[in-house]
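Enquirer:
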Amino acid sequence: MQSTSESVASVQAVLNRLVAAWEQHDAEAYGELFTEDATYITYVGTFYQGRRDIVESHRTLFAGFLKGTRLADEILGIRFHGPGVAVVNGRGDTYKGKRPEKLSKIQTYTLVRDTAPGADGRWRIAAFQNTKRKPLMEAVSYRFAPGLVPAAEQ
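With our numbering applied, the sequence shown has no gaps in its numbers, which climb one by one up to 134 at the end.
If you want it as C-alpha coordinates, here you go:
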(Lines of atoms letter the chains of each structure in order from A and count residues from 1; the text may use other names and numbers.)
(Lines give C-alpha, C1' and ligand atoms only; values in the text may rest on other atoms or scores of the structure.)
Protein backbone atom coordinates (compact mmCIF):
# COMPACT_ATOMS: atom_id res chain seq x y z
CA MET A 1 0.00 0.00 0.00
CA GLN A 2 1.24 3.50 -0.86
CA SER A 3 1.77 6.15 1.78
CA THR A 4 -0.43 9.23 1.58
CA SER A 5 2.34 11.31 -0.04
CA GLU A 6 2.95 8.56 -2.61
CA SER A 7 -0.78 8.36 -3.29
CA VAL A 8 -1.02 12.15 -3.72
CA ALA A 9 1.91 12.03 -6.16
CA SER A 10 0.32 9.12 -8.05
CA VAL A 11 -3.02 10.93 -8.36
CA GLN A 12 -1.30 14.15 -9.46
CA ALA A 13 0.63 12.14 -12.05
CA VAL A 14 -2.65 10.90 -13.57
CA LEU A 15 -3.87 14.48 -13.97
CA ASN A 16 -0.50 15.53 -15.42
CA ARG A 17 -0.80 12.71 -17.98
CA LEU A 18 -4.34 13.92 -18.76
CA VAL A 19 -2.99 17.41 -19.56
CA ALA A 20 -0.16 15.91 -21.65
CA ALA A 21 -2.59 13.73 -23.66
CA TRP A 22 -4.77 16.80 -24.27
CA GLU A 23 -1.79 18.82 -25.49
CA GLN A 24 -0.98 16.01 -27.95
CA HIS A 25 -4.68 15.81 -28.92
CA ASP A 26 -4.34 12.07 -28.33
CA ALA A 27 -7.84 10.79 -27.60
CA GLU A 28 -6.61 7.22 -26.98
CA ALA A 29 -4.02 8.30 -24.39
CA TYR A 30 -6.62 10.60 -22.81
CA GLY A 31 -9.18 7.81 -22.59
CA GLU A 32 -6.67 5.31 -21.20
CA LEU A 33 -6.62 7.36 -17.98
CA PHE A 34 -10.30 6.53 -17.34
CA THR A 35 -11.83 3.30 -16.07
CA GLU A 36 -13.65 1.15 -18.61
CA ASP A 37 -17.03 2.25 -17.16
CA ALA A 38 -16.13 5.87 -16.34
CA THR A 39 -18.64 8.71 -16.47
CA TYR A 40 -17.77 12.12 -17.89
CA ILE A 41 -20.04 15.16 -17.59
CA THR A 42 -19.14 18.27 -19.57
CA TYR A 43 -19.86 21.82 -18.45
CA VAL A 44 -22.75 21.99 -20.94
CA GLY A 45 -24.28 18.91 -19.32
CA THR A 46 -23.39 16.23 -21.86
CA PHE A 47 -23.09 12.83 -20.18
CA TYR A 48 -20.62 10.29 -21.57
CA GLN A 49 -20.64 6.71 -20.28
CA GLY A 50 -17.59 4.50 -20.64
CA ARG A 51 -14.04 4.86 -21.89
CA ARG A 52 -14.98 4.29 -25.54
CA ASP A 53 -17.54 7.14 -25.42
CA ILE A 54 -14.95 9.43 -23.81
CA VAL A 55 -12.32 8.54 -26.42
CA GLU A 56 -14.62 9.01 -29.41
CA SER A 57 -16.04 12.31 -28.14
CA HIS A 58 -12.54 13.66 -27.54
CA ARG A 59 -11.34 12.44 -30.93
CA THR A 60 -14.13 14.58 -32.43
CA LEU A 61 -13.41 17.54 -30.14
CA PHE A 62 -9.66 17.48 -30.84
CA ALA A 63 -10.35 17.51 -34.59
CA GLY A 64 -13.01 20.23 -34.32
CA PHE A 65 -14.13 22.61 -31.58
CA LEU A 66 -11.05 22.11 -29.40
CA LYS A 67 -8.42 21.77 -32.13
CA GLY A 68 -5.20 23.48 -31.08
CA THR A 69 -6.30 24.03 -27.48
CA ARG A 70 -4.37 23.34 -24.32
CA LEU A 71 -5.70 22.25 -20.95
CA ALA A 72 -5.06 24.24 -17.77
CA ASP A 73 -5.58 22.44 -14.49
CA GLU A 74 -5.21 23.60 -10.89
CA ILE A 75 -5.74 21.20 -7.99
CA LEU A 76 -7.59 22.71 -5.03
CA GLY A 77 -7.57 19.58 -2.90
CA ILE A 78 -7.23 15.80 -2.83
CA ARG A 79 -9.13 13.66 -0.32
CA PHE A 80 -8.72 9.93 0.10
CA HIS A 81 -11.58 7.67 1.12
CA GLY A 82 -9.71 4.50 1.92
CA PRO A 83 -6.68 3.17 0.03
CA GLY A 84 -8.43 2.92 -3.34
CA VAL A 85 -10.56 6.07 -3.78
CA ALA A 86 -9.49 9.69 -4.25
CA VAL A 87 -11.64 12.77 -4.85
CA VAL A 88 -9.90 15.71 -6.49
CA ASN A 89 -11.43 19.18 -6.68
CA GLY A 90 -9.87 21.71 -8.95
CA ARG A 91 -10.22 24.46 -11.47
CA GLY A 92 -9.66 24.02 -15.15
CA ASP A 93 -10.03 25.54 -18.57
CA THR A 94 -9.14 25.06 -22.20
CA TYR A 95 -7.27 27.79 -24.00
CA LYS A 96 -5.23 28.85 -27.01
CA GLY A 97 -2.24 31.12 -26.62
CA LYS A 98 -1.57 32.42 -23.12
CA ARG A 99 -2.85 30.41 -20.13
CA PRO A 100 -5.75 32.27 -18.46
CA GLU A 101 -5.05 33.65 -14.99
CA LYS A 102 -8.51 32.69 -13.72
CA LEU A 103 -9.77 29.28 -14.74
CA SER A 104 -13.48 29.31 -15.56
CA LYS A 105 -14.53 25.80 -14.57
CA ILE A 106 -14.78 23.88 -11.31
CA GLN A 107 -14.02 20.19 -11.67
CA THR A 108 -14.38 17.06 -9.62
CA TYR A 109 -12.45 13.91 -10.45
CA THR A 110 -13.12 10.65 -8.65
CA LEU A 111 -10.18 8.30 -9.06
CA VAL A 112 -10.01 4.63 -8.12
CA ARG A 113 -7.35 2.00 -8.19
CA ASP A 114 -8.26 -0.13 -11.18
CA THR A 115 -8.62 -3.63 -9.77
CA ALA A 116 -10.76 -5.09 -12.56
CA PRO A 117 -9.65 -8.54 -13.78
CA GLY A 118 -6.47 -8.07 -15.80
CA ALA A 119 -6.04 -4.46 -14.63
CA ASP A 120 -2.72 -3.13 -13.41
CA GLY A 121 -3.90 -1.52 -10.16
CA ARG A 122 -3.07 2.00 -11.37
CA TRP A 123 -5.13 5.03 -10.45
CA ARG A 124 -7.75 5.81 -13.08
CA ILE A 125 -10.54 8.35 -13.33
CA ALA A 126 -13.92 6.74 -12.63
CA ALA A 127 -15.98 9.94 -12.78
CA PHE A 128 -15.45 13.50 -13.97
CA GLN A 129 -17.78 16.49 -13.50
CA ASN A 130 -17.05 19.86 -15.10
CA THR A 131 -19.03 22.95 -14.08
CA LYS A 132 -18.77 26.37 -15.72
CA ARG A 133 -18.40 29.13 -13.15
CA LYS A 134 -20.64 32.18 -13.32
CA PRO A 135 -18.53 34.87 -11.58
CA LEU A 136 -21.14 37.62 -11.94
CA MET A 137 -23.86 35.42 -10.44
CA GLU A 138 -21.50 34.42 -7.63
CA ALA A 139 -20.64 38.06 -6.88
CA VAL A 140 -24.30 39.10 -6.83
CA SER A 141 -25.31 36.22 -4.58
CA TYR A 142 -22.37 36.89 -2.22
CA ARG A 143 -23.31 40.58 -2.03
CA PHE A 144 -26.92 39.88 -1.06
CA ALA A 145 -26.24 36.79 1.02
CA PRO A 146 -22.71 36.96 2.49
CA GLY A 147 -23.24 33.62 4.22
CA LEU A 148 -22.94 31.97 0.78
CA VAL A 149 -19.24 32.88 0.42
CA PRO A 150 -17.22 29.64 0.74
CA ALA A 151 -14.49 29.59 3.38
CA ALA A 152 -11.86 29.17 0.64
CA GLU A 153 -12.86 32.55 -0.82
CA GLN A 154 -13.09 34.56 2.41
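Backbone N, C-alpha and C define an ideal beta-carbon position, used for all residues, glycine too.
By DSSP, does residue 94 sit in helix, in strand, or in coil?
Expert: Translated into positions along the sequence shown, residue 94 becomes position 114. Residue 94 falls in the coil class under three-state DSSP.
Enquirer: Return the chain-ordered list of same chain residues with a C-beta closer than 7 Å to the C-beta of residue 42, the five sequence neighbours on each side being excluded.
Expert: Against the sequence shown, residue 42 aligns to sequence position 62. The beta carbon of residue 42 sits closer than 7 Å to those of 5 and 7, all from its chain and outside the five residues before and after it, given in chain order.
Enquirer: Excluding five sequence neighbours on each side, which residues of the same chain lie with their C-beta closer than 6 Å to the C-beta of residue 59?
Expert: Numbered from its first residue, the sequence shown carries residue 59 at position 79. Taken in chain order, the residues that qualify are 67.
Enquirer: The alpha helix (DSSP H) spanning residue 134 covers which residue range?
Expert: Here the question's residue 134 lines up with position 154 in the sequence shown. That residue, residue 134, is in no alpha helix (DSSP H); it is neither H nor E in DSSP.
Enquirer: Do you know how far the Cα of residue 71 is from the Cα of residue 129?
Expert: As a position in the sequence shown, residue 129 is number 149, starting the count at 1. As a position in the sequence shown, residue 71 is number 91, starting the count at 1. Distance between the alpha carbons of residue 129 and residue 71: 17 Å.
Enquirer: Straight-line CA distance for residue 62 to residue -15?
Expert: As a working note, residue 62 is residue 82 in the sequence shown. As a working note, residue -15 is residue 5 in the sequence shown. For residue 62 and residue -15, the gap between their C-alpha atoms comes out near 14 Å.
Enquirer: Could you check which residue in 100, 40, 91 and 119 has the C-alpha nearest to that of residue 109?
Expert: Residue numbering aside, residue 109 sits at position 129 when the sequence shown is read from its first letter. Among 100, 40, 91 and 119, the Cα nearest to that of residue 109 is on 91.
Enquirer: Excluding the five sequence neighbours on either side, which residues of its own chain have a C-beta within less than 8 Å of the C-beta of residue 16, listed in chain order?
Expert: Counted from its first residue, the sequence shown places residue 16 at position 36. Cβ within range, chain order: 30, 31 and 96.
Enquirer: What's the gap between the Cα of residue 89 and the Cα of residue 24?
Expert: Walking along the sequence shown from the start, residue 89 turns up at place 109. Walking along the sequence shown from the start, residue 24 turns up at place 44. Each residue's alpha carbon lies about 17 Å from the other.
Enquirer: Report yes if the C-beta distance between residue 138 and residue 50 is below 8 Å; otherwise report no.
Expert: Nothing can be reported for residue 138: it is not among the residues displayed for the chain, which extend from -19 to 134.
Enquirer: Taking DSSP as the reference, what is the three-state secondary structure of residue 6?
Expert: Position 26 of the sequence shown, counted from the first residue, corresponds to residue 6. The answer is coil: DSSP assigns residue 6 none of H, G, I, E or B.
Enquirer: Does DSSP put residue -16 in a helix, a strand or coil?
Expert: Numbered from its first residue, the sequence shown carries residue -16 at position 4. Three-state result, residue -16: helix.
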